[in-house]
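Count along the sequence shown from 1, add 33, and you get the number used in our numbering.
Just below is one structure, and these are the notes that go with it.
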Amino acid sequence: MVVPTYNEADNIQAVIEQVMHLPERINLLVVDDGSPDGTAALVKDERERHPERLALIERPGGKQGLGSAYLRGFRYALKRGYECVCEMDADLSHDPADLPRLIAPVRADDADLTIGSRYAGGVRVINWPLKRLVLSYGAGVYTRAITRLPVKDVTAGFKCFHRRVLSAIDLGRIGSDGYSFQIEMKYRTWRAGFRLAEVPIIFTERTEGQSKMSRAIMREAALKVWELRLRDVLGRL
Numbered sequence: 034m035v036v037p038t039y040n041e042a043d044n045i046q047a048v049i050e051q052v053m054h055l056p057e058r059i060n061l062l063v064v065d066d067g068s069p070d071g072t073a074a075l076v077k078d079e080r081e082r083h084p085e086r087l088a089l090i091e092r093p094g095g096k097q098g099l100g101s102a103y104l105r106g107f108r109y110a111l112k113r114g115y116e117c118v119c120e121m122d123a124d125l126s127h128d129p130a131d132l133p134r135l136i137a138p139v140r141a142d143d144a145d146l147t148i149g150s151r152y153a154g155g156v157r158v159i160n161w162p163l164k165r166l167v168l169s170y171g172a173g174v175y176t177r178a179i180t181r182l183p184v185k186d187v188t189a190g191f192k193c194f195h196r197r198v199l200s201a202i203d204l205g206r207i208g209s210d211g212y213s214f215q216i217e218m219k220y221r222t223w224r225a226g227f228r229l230a231e232v233p234i235i236f237t238e239r240t241e242g243q244s245k246m247s248r249a250i251m252r253e254a255a256l257k258v259w260e261l262r263l264r265d266v267l268g269r270l
């Protein structure tokens, strides 16, 4: 499982411990962008307790972006032969206890990509203000209208890929970060003919640390869906 971090010292140890104590054995890679709050040092402390299951990649120079962190993690996982590669946020908004439910359909060959969905079968979000909820849900409607992507939670960042998806997609062509990265990976997976399945989850807004959401991230996502659709139509995806 790949978890990107930037200033997540308040949460990362809890994330690691919860993953390590799941009934299913799951290995964890943290990709840290030189967090000035000491996130990487805490991961190193945890690694002493879990040396065979916990790895850390440090990227010096400050925040380089969510998308590039995930891509670094994907390449790490592919190189080491992992069959299932998961994504999860580092702020405990995704419950690690849901990981086995995301992994099971991929391992059973019922899906190539599973998505921990806040909107499958209703809205399952805790502690979001109405404005944030409307913005997120509206982004899904907007994205589906343009791309026809058959997913209710288009910006979800809690996912599990079969390695064949990540091997088939040209990761070097992915240029998105933030929400747009999540949209682009789903869109490319779908357009490559792979099977997507949504798994209902409960999303709980972070209680520690600060959100990384920004207007720039939202603008990028709004424009990226048009770029993806245009490239697809022109056969240049």
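We treat Cβ as the ideally placed atom computed from N, Cα and C, and that holds for glycine.
**Message:** Taking 8 Å as the threshold (C-beta atoms), are VAL64 and ARG92 in contact?
**Reply:** Translated into positions along the sequence shown, residue 92 becomes position 59. Translated into positions along the sequence shown, residue 64 becomes position 31. Result yes, Cβ atoms of ARG92 and VAL64 sit closer than 8 Å.
**Asked** What number of angstroms, rounded off, separates the C-alpha of VAL174 from the C-alpha of ASP66?
**Response** By one-based count along the sequence shown, residue 174 stands at place 141. By one-based count along the sequence shown, residue 66 stands at place 33. The alpha-carbon atoms of VAL174 and ASP66 are separated by roughly 32 Å.
**Asked** So, using beta-carbon positions, are ASP145 and ARG228 closer together than 8 Å?
**Response** As a working note, residue 145 is residue 112 in the sequence shown. As a working note, residue 228 is residue 195 in the sequence shown. Remark: C-beta atoms of ASP145 and ARG228 approach each other more closely than 8 Å.
**Asked** Which residue from ASN40, ILE235, THR188 and TRP223 puts its Cα closest to that of ALA123?
**Response** Along the sequence shown, read from residue 1 onward, the residue named residue 123 stands at position 90. Ranking ASN40, ILE235, THR188 and TRP223 by Cα distance to ALA123 puts ASN40 first.
**Item:** GLY242 in three-state terms, based on DSSP
**Value:** Locating residue 242 in the sequence shown gives position 209, where the first residue counts as 1. In this predicted model, GLY242 has a pLDDT of only 46, less than 50, meaning its place in the structure is not dependable; the value taken from the coordinates is given anyway. Secondary structure at GLY242: coil, using DSSP grouped into helix, strand and coil.
**Item:** Burial state of ASN44 (16 or more Cβ within 10 Å)
**Value:** The count along the sequence shown starts at 1 and reaches residue 44 at position 11. It is buried - the Cβ of ASN44 has at least 16 other Cβ atoms within 10 Å.
**Message:** Using C-beta distances below 7 Å, list every residue in its chain close to GLU231, excluding the 5 sequence neighbours before and after it, in chain order.
**Reply:** Numbered from 1 along the sequence shown, position 198 holds the residue referred to as residue 231. Answer for GLU231: ILE148, SER150, ALA153, VAL184, LYS185 and ASP186, listed in chain order.
**For LYS192: DSSP bridge partner residues** = For the purposes of this step, residue 192 is identified with residue 159 of the sequence shown, where counting begins at 1. GLU120 and ILE148.
**Prompt:** Using a Cβ-Cβ cut-off of 7 Å (strictly less than) and excluding sequence neighbours within five positions of GLU120, which residues of its own chain qualify?
**Reply:** Reading the sequence shown from its first residue, position 87 is the one you call residue 120. Excluding residues within five positions, the ones whose Cβ falls inside 7 Å are VAL35, TYR103, GLY190, PHE191 and LYS192.
**Start and end residues, alpha helix (DSSP H) containing ASP128** = Against the sequence shown, residue 128 aligns to sequence position 95. Per DSSP, ASP128 belongs to no alpha helix (DSSP H) and is neither H nor E.
**Item:** Length of the line joining the Cα atoms of GLN51 and ASP143
**Value:** For the purposes of this step, residue 51 is taken as residue 18 along the sequence shown, with counting starting at 1. For the purposes of this step, residue 143 is taken as residue 110 along the sequence shown, with counting starting at 1. A direct Cα-Cα distance of roughly 26 Å separates GLN51 from ASP143.
**Request:** Can you grab the Cα-Cα spacing for the pair VAL78 / PRO84, in whole Å?
**Result:** Taking the first residue of the sequence shown as position 1, residue 78 is located at position 45. Taking the first residue of the sequence shown as position 1, residue 84 is located at position 51. The question names Val, but residue 78 in the sequence shown is Asp. Distance from the CA of ASP78 to the CA of PRO84, rounded to the nearest whole angstrom, comes to 10 Å.
**Message:** Whether or not the region 220-227 and the region 104-116 are in contact is what I'm after, with contact meaning three or more pairs of Cβ atoms, one per stretch, closer than 8 Å; do they touch?
**Reply:** Output reads no: the region 220-227 does not touch the region 104-116.
**Request:** Report the residue from PHE214, ARG269 and GLY268 whose alpha carbon sits nearest the alpha carbon of GLY98.
**Result:** Numbered from its first residue, the sequence shown carries residue 98 at position 65. Per the Cα distances, PHE214.
**Asked** Going straight from the alpha carbon of LYS136 to that of ARG269, what length do you get?
**Response** Your numbering for residue 136 matches position 103 in the sequence shown. Your numbering for residue 269 matches position 236 in the sequence shown. Correcting the residue identity first, residue 136 is Ile in this sequence and not Lys. One C-alpha to the other measures close to 31 Å.
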